[in-house]
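S.K.: In our numbering, the protein residues as written are -7 to 319.
Don't be surprised by glycine CBs; every beta carbon is placed ideally from N, CA and C.
Below: one structure in structure tokens.
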Ligand SMILES: Cc1ncc(COP(=O)(O)O)c(C=O)c1O
């Protein structure tokens, strides 16, 4: 049973951040999943759903458009179950993630962007086209697959609820497809509607505008490249109903915080995890935490996926593990 290896990740109190922001800060450490990211969860749900609905036959090809992590989850699970994986990744994907995908056995194709199905050069368009013309290929399509939200609603969120003994007051996560925040947000709001659910995205991304106005901005600007988060379209996996606010952070601040956190704690946070920490630094006055709050920060992956992008110039521990666990 693959599912027993995925999820049930630790939630740890972070003393450094709790002291810095005068409240109780916990980190949901998703890099303990077999593919070392939160995206193993939706990958498993999407694959199981496709198999159960006879969308693909044994030996077929699972196809996904990914900033790397979902692709890795899909590849590992597909391989374990006797399928293949074809992953379309954007050229902004870190070399470390590309190496992992190749090592896991994915057939990868690097695309110009991940701007959505309307762009012929996007990962999404190329993935959809590939699946359409290849027999026994299935596009899992995390941007529009309700199993993405469901995975977080049925697994991530109940774990957080139990781990905080129902005391969680704030959930803060980066937003890419929207699956994490929509699934966790929905579950938490169903338990207690006063729990704050906040998203983080890079400057220039459009979801905070969409959340406020329910329209797209009249002009689009390129958004800061923080891998895994930020969009210039509204994915179907983003359900605005359960999100209270989206804060924007810039890339430079994120890189600075990642290095600072590493030098203080010895822990290498992933790129989007550092963006979540950067949001606390930038918006702490607006966030108005009180000492009794229980704030959960979502860390989808680990910094060893971004050494070239985030930690250049830092001193690294000798035994960085870029390995993935097999099931
Ligand atoms: C590192 C990282 N952070 C954040 C996200 C965003 O999560 P979601 O797609 O659930 O919004 C992703 C998604 O791929 C990711 O890989």
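1. Does the distance between the C-beta of residue 80 and the nearest non-hydrogen atom of ligand 1 fall short of 7 Å?
2. Less than 7 Å between the CB of residue 169 and some heavy atom of ligand 1, yes or no?
3. Would you say residue 264 touches ligand 1, meaning its beta carbon is less than 7 Å from a heavy atom?
4. Out of curiosity, what's the CA-to-CA distance linking residue 14 and residue 273?
5. For residue 259 and residue 6, I'd like the C-alpha separation in whole angstroms.
6. Grab me the residues of residue 153's own chain with a C-beta within less than 8 Å of its C-beta, minus the 5 sequence neighbours each way, in chain order.
7. At a threshold of 7 Å, does residue 59 count as lining ligand 1 (C-beta to nearest heavy atom)?
8. Under 8 Å by Cβ, that's how I've got residue 251 and residue 303 pegged, so tell me the actual separation to the nearest angstrom.
9. Does the structure place the stretch 100 to 109 close enough to the stretch 19 to 32 that three or more beta carbon pairs sit under 8 Å?
10. Got a sec, what are the start and stop residues for the alpha helix (DSSP H) residue 10 sits in?
11. Can you confirm whether the stretch 54 to 67 touches the stretch 24 to 31 when touching is taken to mean that 3 or more C-beta pairs between the two stretches lie within less than 8 Å?
12. In this structure, how does DSSP classify residue 135 when only helix, strand and coil are distinguished?
13. Given residue -2, which residues of its chain have a CB within under 7 Å of its CB, disregarding the five upstream and five downstream residues?
14. Determine the closest residue to residue 197 out of 168, 138, 186 and 53, with distance taken between C-alpha atoms.
15. For the 8 Å Cβ check, are there 3 or more pairs between the stretch 201 to 211 and the stretch 48 to 57?
16. Kindly give me the distance between the Cβ atoms of residue 287 and residue 281, rounded to whole angstroms, as I take these residues to be in contact under 8 Å.
17. Just to confirm my understanding: we take residue 170, look at its own chain, exclude 5 residues before and 5 after, and list those with CB closer than 6 Å. What are they?
18. How far does the beta strand (DSSP E) with residue 76 in it extend, from its first residue to its last?
19. Residue 149: buried (16+ other C-beta within 10 angstroms of its C-beta) or exposed?
20. For residue 29, is the beta carbon positioned less than 7 Å from some heavy atom of ligand 1?
21. CB of residue 295 to nearest heavy atom of ligand 1: below 7 Å?
22. How would you label residue 310, buried or exposed, when you count the other beta carbons within 10 angstroms and need 16 or more for buried?
23. So, is residue 157 buried or exposed, given that buried needs 16 or more other C-beta atoms within 10 angstroms?
24. For residue 194, which three-state DSSP category applies?
25. Where does the unbroken alpha helix (DSSP H) through residue 118 begin, and where does it stop?
26. Have a look at residue 314 and residue 80 and give me their C-alpha separation to the nearest angstrom.
27. Shortest alpha-carbon distance to residue 41 belongs to which of 118, 91, 134 and 217?
28. For residue 226, list the residues DSSP reports as bridge partners.
29. In terms of residue numbering, what span does the alpha helix (DSSP H) encompassing residue 256 cover?
30. Which residues in the same chain as residue 254 place their Cβ atom closer than 8 Å to its Cβ, once the five residues preceding and following it in sequence are excluded?
31. Which ranges would you report for the alpha helix (DSSP H) in the stretch 148 to 225 if only whole runs of at least 4 residues count?
32. Measure the alpha-carbon distance for residue 236 versus residue 1 and round it to whole angstroms.
33. Which residue wins for smallest C-alpha separation from residue 115, given the options 125, 78, 127 and 89?
34. Grab the span of the alpha helix (DSSP H) containing residue 90 for me, first residue to last.
M.R.: Straight from the coordinates:
1. Translated into positions along the chain shown, residue 80 becomes position 88. False, no ligand heavy atom lies under 7 Å from that Cβ.
2. As a first step, residue 169 must be located in the chain shown, where it is residue number 177. Within the cutoff, so yes.
3. As a working mapping, residue 264 is identified with position 272 in the chain shown. Under cutoff, so the answer is yes.
4. Here residue 14 refers to the residue found at position 22 of the chain shown. Here residue 273 refers to the residue found at position 281 of the chain shown. Distance between the alpha carbons of residue 14 and residue 273 is about 12 Å.
5. The sequence position of residue 259 within the chain shown is 267, counting from 1. The sequence position of residue 6 within the chain shown is 14, counting from 1. Looking at the two C-alpha atoms, the distance is approximately 11 Å.
6. Within the chain shown, residue 153 is the residue found at index 161, counting from 1. Correct list, in chain order: 160, 179, 180 and 183.
7. Here the question's residue 59 lines up with position 67 in the chain shown. Answer for residue 59: yes, Cβ within range of ligand 1.
8. Residue numbering aside, residue 251 sits at position 259 when the chain shown is read from its first letter. Residue numbering aside, residue 303 sits at position 311 when the chain shown is read from its first letter. Confirmed, Cβ separation roughly 7 Å.
9. no
10. The count along the chain shown starts at 1 and reaches residue 10 at position 18. Counting along the chain, the alpha helix (DSSP H) containing residue 10 begins and ends at 7 to 13.
11. yes
12. For the purposes of this step, residue 135 is taken as residue 143 along the chain shown, with counting starting at 1. In this structure, residue 135 counts as coil in the three-state DSSP scheme.
13. If you number the chain shown from 1, residue -2 lands on position 6. 25, 26, 32, 33 and 36.
14. Indexing the chain shown from 1 puts residue 197 at position 205. Cα-wise, what sits closest to residue 197 is 168.
15. no
16. For the purposes of this step, residue 287 is identified with residue 295 of the chain shown, where counting begins at 1. For the purposes of this step, residue 281 is identified with residue 289 of the chain shown, where counting begins at 1. Contact holds; Cβ gap of about 6 Å.
17. To locate residue 170, count along the chain shown from 1; it is residue 178. Excluding sequence neighbours, residue 170 sits near 227, 229 and 230.
18. Locating residue 76 in the chain shown gives position 84, counting from the first residue. Here the beta strand (DSSP E) through residue 76 covers 76 to 82.
19. What you label residue 149 is simply residue 157 of the chain shown in a count that begins at 1. Result: buried.
20. Within the chain shown, numbered from 1, the residue matching residue 29 stands at position 37. Yes, ligand 1 has a heavy atom inside 7 Å of this Cβ.
21. As a position in the chain shown, residue 295 is number 303, starting the count at 1. Outside the cutoff, so no.
22. Position 318 of the chain shown, counted from the first residue, corresponds to residue 310. Low per-residue confidence applies at residue 310: pLDDT is 41, beneath 50, and the placement is therefore not dependable enough to give any value.
23. Counted from its first residue, the chain shown places residue 157 at position 165. Under this definition residue 157 is an exposed residue.
24. Reading the chain shown from its first residue, position 202 is the one you call residue 194. Of the three classes helix, strand and coil, the one that applies to residue 194 here is strand, per DSSP.
25. As a working note, residue 118 is residue 126 in the chain shown. Segment 115 to 125, the alpha helix (DSSP H) holding residue 118.
26. As a working mapping, residue 314 is identified with position 322 in the chain shown. As a working mapping, residue 80 is identified with position 88 in the chain shown. Its pLDDT being 45, under 50, residue 314 is placed unreliably by the model, and nothing is read from it.
27. Sequence index remark: in the chain shown, residue 41 carries index 49 (1-based). If we check each option's Cα against that of residue 41, 134 comes out closest.
28. In the chain shown, the residue the question calls residue 226 occupies position 234. Answer is none; residue 226 lacks a bridge partner.
29. On the chain shown, position 264 is the one that residue 256 refers to. 243 to 257 is the extent of the alpha helix (DSSP H) around residue 256.
30. Within the chain shown, numbered from 1, the residue matching residue 254 stands at position 262. Answer for residue 254: 260, 261, 295, 303 and 306, listed in chain order.
31. 149 to 155, 171 to 183 and 199 to 205
32. Along the chain shown, one-based indexing puts residue 236 at 244. Along the chain shown, one-based indexing puts residue 1 at 9. Going from the Cα of residue 236 to the Cα of residue 1 covers about 25 Å.
33. Indexing the chain shown from 1 puts residue 115 at position 123. For the residues 125, 78, 127 and 89, the minimum Cα distance to residue 115 belongs to 78.
34. For the purposes of this step, residue 90 is identified with residue 98 of the chain shown, where counting begins at 1. First-last of the alpha helix (DSSP H) with residue 90: 87 to 96.
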